[in-house]
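Residue numbers (the numbering used here), protein chains in the order written: chain P, 1275 to 1431; chain D, 436 to 772; chain F, 94 to 494; chain L, 2 to 177; chain V, 220 to 378.
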Amino acid sequence: MFRGKVRRHVEAIATGLKYLVKPNRITVYYPEEAIVLSERYRGMIHYDWDKCISCGLCAMICPADAMKMYRKKGEKKARPGINYQRCIFCGYCVDICPTNALSFTRVHDVAFEKLDEMLYPPEKFTSEWRSPAEERGARRLRVVFDEERGLKHVPEQ
Amino acid sequence: MGLVSSLVRLVLSPQFFGPIVFPGLVTVLAVLLSIIWVERKIAARVQMRVGPLYILRPLGGAIQMLADGLRFFFQEFIVPETVDRVPFLLAPVVAMSFAMLPFAFVPLAPNFKPYTVPYSMPAFLGLNTVIPLTVLAMAWGSNNKFSIQGGIREAYMTIAYEAVLFISAYSMALLYHTLDFAEMVEAQKVPGILLNPISALVFFIAMIMSAGKLPFDIVEGEQEIVAGPFTEYSGIAFGLTMGIGYVQLYGFTLAFTLMYLSGWEPLVAPLYSIYPALGGILLFVKAYLLLVFIVFLRAVYGRYRLDQALRIGWRTLFPLAIVSVFLSIALGVIGVV
Amino acid sequence: MSSSVMEARLLEKEGDEEVYEVFIGPQHPASGHMRLIVRLEGDVIVGVDPDIGWVHRTMEKLAESKEALKAIPLLERMTIIDSQNVTIGYVRALEKLLGVEPPPRARYLRTLLSEINRIASHLYGMGLAGIFVNHSTMFMWCFGDREVWIQLAEELTGARLTHSYSVPGGVRRDLPQGFKEKALKAIRYMEKRLDEYHRIFFDNPQVRARYEGVGVLKPHEARRLGVVGPNLRASGVRYDARLLGDYGVYDELEFEIPVREEGDAMSRLLLRGDEIRQSMNIIRQVLDKIPEGPILAEKYLRLIPPKLREPALKEGRIKFPGIFANLKLPKGEAVARAEMGHGEIFYHVTSDGSKKPYRVRVVTPSFRNVILFRYLPPGHRFMDLPAIYGSLDYFPPEADR
Amino acid sequence: MTCPFMGLAFLGRLEESSRKAAQWLVERTPVRSLRDWAISFSLWPVHFTTSCCGAEFAAVSAPRFDMERYGFLPFNSPRQTNLLLIEGTLTRKMARAAEIVYQQMPSPKFVVAMGACAIDGGIFHNSYNIVRPHELFPIEYFIPGCPPRPEAVAQAIVRLHEKVKRSEYGVKARET
Amino acid sequence: MNTGSRLERLEKGLRDIGLEPVKAPGVLRVDAQPESLVPAARLAVEHGYDHLASVEGIDWPSEGVIEVIYHAESYDEDLRGTLLEIRVKVPRDEPRLPSLIEVWPNALFLERETWDLMGVVFEGHPELRRLLMPPDWDGPPPLRKDFKVKTEGVFVNVE
């Protein structure tokens, strides 16, 4: 009993020391480094003005009422605009879009300073997204699964 | 000219140099700043991450604690209306002062001790016993349920570890036939830890308990009582309370080194010839490594329950401490020392 | 046990002058999003009143106000750390109402994600159990290793936590390229890590001292209190909603339901480790056995215009048919139970024949386990409260909905 | 802890006049930039989980994203912290607690709203039990997403860190 | 005791106290009256349904009733595939039911929640306090159908 306890104390300390000597760090040095998100990542949404047929399905299926059809006075066609104050990135709008006018970008690391910056009416909705970290010149890292270390982050070629 | 030289002499005199420069105030601050960073870095390393880094990238964020300390210093200091102001404000300062005082009794080399008293070991330990009282004052002054709980825990813990700490230290005094640190070091032909390992183990655990470090950080038990007696403190006062444990621990590691790891022996003669206090560097290195090991334990252990810690104190350590006394007497009879 | 004895432990005595009340939460290092009103006599707990509802986001009401499909992402927010398992019950209830059955491949994929989520959820619980006794290494290790499974789920579904993966009739994404190798690597890594967990945490005498023999729940008490999940199975009751064979492909796979007899906090923790091993076993089998075929029921698949369907299927995803925006639920009701990481979740969906469900009743595992906060701590020391809380793996947003 | 004369400084701050003097001193450029440098590397969020985004908040301090690199250390009590992260939905009941926590924090203090729910309610925008945090607190950054990726939280913290370092904070707090 | 027999005996017992159990896939459904609720529940406990999975209220304003549905569950191998569903209708303007906490202890929080969100009073329940709603909530019980949440349209008009 007593010896078992001592052995377990020693084992616990030895395990700690093992990791102290040979650490298994998986930290990504964000914002110096940024992970390249997986192919199908559901990030900020991009809107293709020309493909849109104004069917309104995206606004109808949006669970958070973030997507709205903006109807301009005098214009017949309403176009979708998104409100990132509410968007929950479920991707239903993209999956239901019958013309693939909506698509995911692989950018999700954004923060805003003002509330109205987060409103994206149709015109602004078409703008391209770039990751702020990459704009600052972050190294892009690919995630690799590894038996020894769990996750490894290797620079993208 | 005369003024400058007398100033230099004053600074280099043991009475000033010991408490103020090394191992006292200045070194304490340096240790305080570095050890918390070391603790966070070690924990981070074991825990698959990096820890503080960007503040000083080339040194791995070594001045992290400077930022935290300055932030505490400049942050608003809130004195809640419900507190008892005098103990609330005074206790951290008193605690820090008493945590600093024991360094006046730490010798650095054979003939370099700030205060030449034959009882430096009991004086050192005795000064440390004031700190639990100040913690009680903080808890009482804070007038907060969590603080009072923490204060009661501190009181319980104190009676559990203090007797053990003293008895195990006195067993070494019995072994060396002296109560003075310097003479103890001289008496150690073999490091004390080999002569009386039981006493060393007991003292080691009791000093972790005393400083409230894991696995015995019961007084600050954040998962139950937020920050214990320090819950209501903000700004610089919290910075002080956070530092007390580390200062105390640093003092204890010095004492441990003197009693069990043969202090400054083997003495580095060339350094000693330049300036006697430099001989203490080896002492400091040993103590610091011990300190690093203790803060490393944070990465391995959680926290014991209060009653378990008390049981360890009374049922395991106390008999062991008594055994260590007899062991010392036996060794004395055989005539090892 | 007669229920009056149980009541005596569940209900508090009033008007006792000796007790000392401590409020733990909502801002407290060990509270999460709830408050425990702890009544102490000296250092001994005489009563705990769990004050929940701090995260009550009115999901049942909002689910009534939305079209049926929109409630999937809504209900997912109850337990974002276990989002596939929390929605699968609702999707099953919808499928029963609509009369669709998912094709075999979709059922396999659902099972796959369910188990990945279960592992992540258990790691979350184990990590919190670590930090509740101030064992920060366990917390960090569990959260670090959880990233492996989150990454897997992300590559499968496209989101870290909120997958919204199952839809009535199937799933939204097919297996990506090279998924099997990645999953197998993750499994092998995790198996090694579980041993390390044992060395530094589960077998650590300090942790044993804190968790062993604390908060013992006897089997008959667990039954009468309706406790679910690992907390139930650690008390020796072999019950798991996966055994019902209502969803997924669990009846086609070989796996065990781990059961432990002690019923204390330590066995609740160890049981999660056992379940992680079983989940990895299930993932292995799923990846071996998964059949080829469509991932959405034929009924909906043919509603997608072929021009859209083919390229999307080639990419390994489906497009929603337009009908999904206005899915009409036939009149009736359906009950579904599913096993989450925290325990069994219960759905009862009533429809009056409109597009919106008339009533969605959901009883979550955490809500059923909240009764244990009343029942287990009395008689323990105050410092045992975090240990008991940590071992229950209680997730407040799930209980409060 | 860092200044040997701290006893003086902190006794002085008790009195109104010395408080003003200290205020004046702290607002001088070298002192102020030193202070802001220290604060920017010592953003300690209070341990206050308002909702399920707490799961991703934990991931921010967990090994993979480890924001402790910036000195970001979740801490126990509001008295010792200076950053309040609203992690997701704020219900009516929780909003009252959040206000108390905010009041108990010593200034300078910052608020970051994390997740769609903490901005405009997200998917719960029409619920009867939620509060929009920007009506209660001066919020420095909003992080969209449900839940936001840990990188997004890290992005907000890094930007807040840089903002504090440039001494550009507190504008919002003064406005409201 | 072999499979089914316990369930059949429960059915028979329910018939004996004048109730009509109906079998549906995975559910044994019983429509009860407020008076026969407690006997039915006691019978269920005797036959192995020893805890509740859910207490639910459904508001039917058109009929002027609130339907309270109890789902009892068992962990035993022979019963776990079937839930026992007891449905009781109470008038909407004065919904009162006896509390089942004596029979099923885990009704403690389930009934309290139903009182909180649906306004059904369970007589004999020791603590009908607010559980999920804020303590100062003074509106109607939110899950009733006359409590409306606002919904938004799909279109926005802009200049």
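C-beta: ideal position from N, C-alpha, C; glycine also. All values derive from a computational prediction rather than experimental measurement.
If distances are taken between C-alpha atoms only, which option among F:393, F:404, F:483 comes closest to residue 191 of chain F? Taking the first residue of the third sequence as 1, we reach residue 191 of chain F at position 98. Per the C-alpha coordinates, the member of F:393, F:404, F:483 positioned closest to residue 191 of chain F is F:393.
Using beta carbons (cut-off 7 Å, strictly below), is residue 364 of chain V in contact with chain L? As a working note, residue 364 of chain V is residue 145 in the fifth sequence. No - not a single Cβ of chain L is within 7 Å of the one on residue 364 of chain V.
Exposed unless 16 or more other CB atoms sit within 10 angstroms - verdict on residue 164 of chain L: For this step, residue 164 of chain L is matched to residue 163 along the fourth sequence. The residue is buried, with at least 16 neighbouring Cβ atoms inside 10 Å.
Tell me the start and end of each unbroken alpha helix (DSSP H) in the segment 290 to 342 of chain F that is at least 4 residues and wholly inside, in chain order. Entirely contained in the segment 290 to 342 of chain F, the alpha helix (DSSP H) runs reaching 4 residues are, in chain order, 298 to 304, 312 to 318, 323 to 326.
Environment of residue 244 of chain F [buried if 16+ CB atoms lie within 10 Å]: Looking up residue 244 of chain F in the third sequence gives position 151. In summary, residue 244 of chain F is buried, with 16 or more beta-carbon neighbours lying within 10 Å of its beta-carbon over all protein chains present.
Contact the segment 1367 to 1382 of chain P vs the segment 1288 to 1300 of chain P: 3+ CB pairs below 8 Å: Touching, no, given that fewer than three Cβ pairs across the two stretches are closer than 8 Å.
How would you list, in chain order, the residues of chain F whose beta-carbon sits under 7 Å from the beta-carbon of residue 486 of chain D? Here residue 486 of chain D refers to the residue found at position 51 of the second sequence. Under the 7 Å cutoff, chain F gives no residues; its nearest Cβ is about 11 Å from residue 486 of chain D.
Distance, residue 1416 of chain P Cα to residue 251 of chain F Cα: Here residue 251 of chain F refers to the residue found at position 158 of the third sequence. Here residue 1416 of chain P refers to the residue found at position 142 of the first sequence. In a straight line, the C-alpha of residue 251 of chain F is about 16 Å away from that of residue 1416 of chain P.
Kindly list the residues whose CB is nearer than 7 Å to the CB of residue 11 of chain L, restricted to its own chain and excluding five residues on each side of it in sequence; keep chain order. As a first step, residue 11 of chain L is located in the fourth sequence; it is residue number 10 there, counting from the start. Because residue 11 of chain L sits at a pLDDT of 47, beneath the cut-off of 50, its placement in the model cannot be relied upon, and the point is left open.
I'd like to know whether the C-beta atoms of residue 147 of chain F and residue 166 of chain F end up nearer to each other than 7 Å. The count along the third sequence starts at 1 and reaches residue 147 of chain F at position 54. The count along the third sequence starts at 1 and reaches residue 166 of chain F at position 73. Their beta carbons are not under 7 Å apart, which means residue 147 of chain F does not touch residue 166 of chain F by this criterion.
Can you check which of these residues, L:115, L:31, L:49, L:127, is closest to residue 1339 of chain P by C-alpha distance? Translated into positions along the first sequence, residue 1339 of chain P becomes position 65. Of L:115, L:31, L:49, L:127, the residue nearest in Cα terms is L:127.
Quick one: is residue 219 of chain F near chain D, going by C-beta distance under 7 Å? Counting from one through the third sequence, the residue named residue 219 of chain F turns up at place 126. Answer no: the Cβ-Cβ gap between residue 219 of chain F and chain D never drops below 7 Å.
Whole-angstrom Cβ separation of residue 669 of chain D and residue 509 of chain D, contact assumed at under 8 Å? Within the second sequence, residue 669 of chain D is the residue found at index 234, counting from 1. Within the second sequence, residue 509 of chain D is the residue found at index 74, counting from 1. No, residue 669 of chain D and residue 509 of chain D are not in contact; Cβ-Cβ is about 12 Å, not under 8 Å.
Residues that residue 79 of chain L contacts on chain F, provided the C-beta gap is smaller than 7 Å: For the purposes of this step, residue 79 of chain L is taken as residue 78 along the fourth sequence, with counting starting at 1. Within 7 Å Cβ-Cβ: 120.
Below 8 Å, can you find three or more Cβ-Cβ pairs linking the segment 414 to 431 of chain F to the segment 1321 to 1335 of chain P? yes
Report yes or no: is there a C-beta of chain P within less than 7 Å of the C-beta of residue 373 of chain V? Counting from one through the fifth sequence, the residue named residue 373 of chain V turns up at place 154. Cβ-Cβ to chain P under 7 Å: yes for residue 373 of chain V.
List, in order along the chain, the chain F residues whose C-beta lies closer than 9 Å to that of residue 1282 of chain P? Residue numbering aside, residue 1282 of chain P sits at position 8 when the first sequence is read from its first letter. Near residue 1282 of chain P (Cβ distances below 9 Å), the residues of chain F are 292, 296, 297, 298, 301.
Would you say residue 283 of chain F faces chain D, with C-beta separation under 7 Å as the test? The residue given as residue 283 of chain F occupies position 190 in the third sequence. Closer than 7 Å: no.
Give me the Cα-Cα distance between residue 576 of chain D and residue 516 of chain D, rounded to the nearest whole angstrom. Translated into the one-based positions of the second sequence, residue 576 of chain D becomes position 141. Translated into the one-based positions of the second sequence, residue 516 of chain D becomes position 81. Answer to the nearest angstrom: the Cα atoms are 11 Å apart.
Go ahead and pull the three-state DSSP assignment for residue 1283 of chain P. Along the first sequence, read from residue 1 onward, the residue named residue 1283 of chain P stands at position 9. Correct three-state label for residue 1283 of chain P: helix.
Given that residue 370 of chain V touches chain L, what residues does it touch there, using C-beta distances under 9 Å? Here residue 370 of chain V refers to the residue found at position 151 of the fifth sequence. Neighbours of residue 370 of chain V on chain L, chain order: 127.
How do the segment 360 to 380 of chain F and the segment 323 to 338 of chain F stand: do at least 3 beta-carbon pairs fall below 8 Å, yes or no? yes
Which residues in chain F have a C-beta closer than 8 Å to the C-beta of residue 95 of chain L? List them in chain order. Reading the fourth sequence from its first residue, position 94 is the one you call residue 95 of chain L. In chain order: 119, 126, 147, 148.
Per DSSP, which residues does residue 426 of chain F bridge with? Please list them. Within the third sequence, the letter at position 333 stands for residue 426 of chain F. The partner list for residue 426 of chain F (beta bridge, DSSP) reads F:443.
Quick one: which chain L residues come within Cβ less than 8 Å of residue 592 of chain D? Within the second sequence, the letter at position 157 stands for residue 592 of chain D. Chain L residues near residue 592 of chain D: none, gap ~19 Å exceeds 8 Å.
In its own chain, which residues sit with a C-beta less than 8 Å from the C-beta of residue 482 of chain F, not counting the 5 before and 5 after it? As a first step, residue 482 of chain F is located in the third sequence; it is residue number 389 there, counting from the start. Here the set comprises 123, 129, 225, 466.
Cutoff 6 Å; reference residue 372 of chain F; Cβ partners in own chain excluding five residues on either side: Position 279 of the third sequence holds residue 372 of chain F. So the list reads 208, 211, 212, once near-sequence residues are dropped.
Between F:157, F:350, F:149, which lies nearest to residue 446 of chain F when the distance is taken from Cα to Cα? Position 353 of the third sequence, counting from 1, holds the residue named residue 446 of chain F. Comparing Cα-Cα distances from residue 446 of chain F to each of F:157, F:350, F:149, the minimum goes to F:157.
Would you check if there are 3 or more beta carbon pairs closer than 8 Å linking the segment 676 to 696 of chain D to the segment 531 to 540 of chain D? With the cut-off at 8 Å, the segment 676 to 696 of chain D and the segment 531 to 540 of chain D touch.
Proximity below 7 Å, CB of residue 174 of chain F to CB of residue 493 of chain F: For this step, residue 174 of chain F is matched to residue 81 along the third sequence. For this step, residue 493 of chain F is matched to residue 400 along the third sequence. No. Outside cutoff.
Could you compute how far the alpha carbon of residue 310 of chain V sits from the alpha carbon of residue 337 of chain V? Numbered from 1 along the fifth sequence, position 91 holds the residue referred to as residue 310 of chain V. Numbered from 1 along the fifth sequence, position 118 holds the residue referred to as residue 337 of chain V. Rounded to whole angstroms, residue 310 of chain V to residue 337 of chain V spans 13 Å at the Cα level.
Taking its Cβ as the centre, do 16 or more other Cβ atoms sit within 10 Å of residue 232 of chain F, making it buried, or is it exposed? Start at 1 with the first residue of the third sequence, and residue 232 of chain F comes out as number 139. Residue 232 of chain F is buried by the Cβ-count criterion.
Under 6 Å Cβ to Cβ from residue 230 of chain V, same chain only, skipping five residues before and after it: list those, please. Taking the fifth sequence and counting its residues from 1, the one referred to as residue 230 of chain V is at position 11. Counting only Cβ-Cβ distances below 6 Å, and skipping sequence neighbours, we find 240.
Answer yes or no: do residue 439 of chain F and residue 456 of chain F have a C-beta to C-beta separation smaller than 7 Å? Taking the third sequence and counting its residues from 1, one reaches residue 439 of chain F at position 346. Taking the third sequence and counting its residues from 1, one reaches residue 456 of chain F at position 363. Yes. Within cutoff.
Please list, in chain order, the residues of the segment 225 to 236 of chain F that have any C-beta partner in chain D closer than 7 Å. 225, 226, 227, 228, 229, 230, 233, 234
Contact check, residue 228 of chain F vs residue 605 of chain D under 8 Å by CB: the rounded distance? Residue mapping note: residue 228 of chain F aligns to position 135 of the third sequence, counting from 1. Residue mapping note: residue 605 of chain D aligns to position 170 of the second sequence, counting from 1. Actually they do not touch by this definition, with Cβ atoms about 35 Å apart.
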